[in-house]
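Using this note's numbering, the letters of the sequence shown map in sequence onto residues 195 to 255.
All residues carry an ideal CB built from backbone N, CA and C; glycine is no exception.
Below is one structure; the comments refer to it alone.
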Amino acid sequence: MDTNFDFERLYPHHDLLIEIGRVEMAIEHLDLRAEEEQRTLRPRLESRMHRLRDALDHLAA
């Protein structure tokens with residue numbers, strides 16, 4: 195049995211999943227912020243989420 199598994203290739207995938215989770219939590223908690231902040235932050239967070247998911251899709255390819 196080969197015990198020399200290369201975990202380094204899994205790090206980018208794991209890091210992207212963690213960051214996606216953080217952005218999802220930030221989006222979920224937007225309702226706790228002032229309306230003006232919500233209008234400013236929502237597009238940024240959604241854009242960030244889109245870029246992260248694209249990066250995750252490209253990583254899997």
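message: Which residue marks the beginning of the alpha helix (DSSP H) containing L253, and which one marks its end?
response: Position 59 of the sequence shown holds residue 253. Annotation for L253: the continuous alpha helix (DSSP H) segment containing it runs 229-254.
query: In chain order, what residues of the same chain lie with their CB nearer than 7 Å to the CB of E229, ignoring the 5 residues before and after it?
result: Mapped onto the sequence shown, residue 229 falls at position 35. None.
query: So is L253 buried or exposed if we call it buried at 16+ other beta carbons inside 10 Å?
result: Indexing the sequence shown from 1 puts residue 253 at position 59. Result: exposed.
task: Check whether the Cβ atoms of L210 and L250 sit closer than 8 Å, and answer yes or no.
output: Counting from 1 along the sequence shown, the entry for residue 210 is found at position 16. Counting from 1 along the sequence shown, the entry for residue 250 is found at position 56. Yes, the Cβ-Cβ distance between L210 and L250 is below 8 Å.
- prompt: Taking just the CA atoms, how far does R203 sit from R242?
  reply: Within the sequence shown, residue 242 is the residue found at index 48, counting from 1. Within the sequence shown, residue 203 is the residue found at index 9, counting from 1. When rounded, the distance between both Cα atoms is 23 Å.
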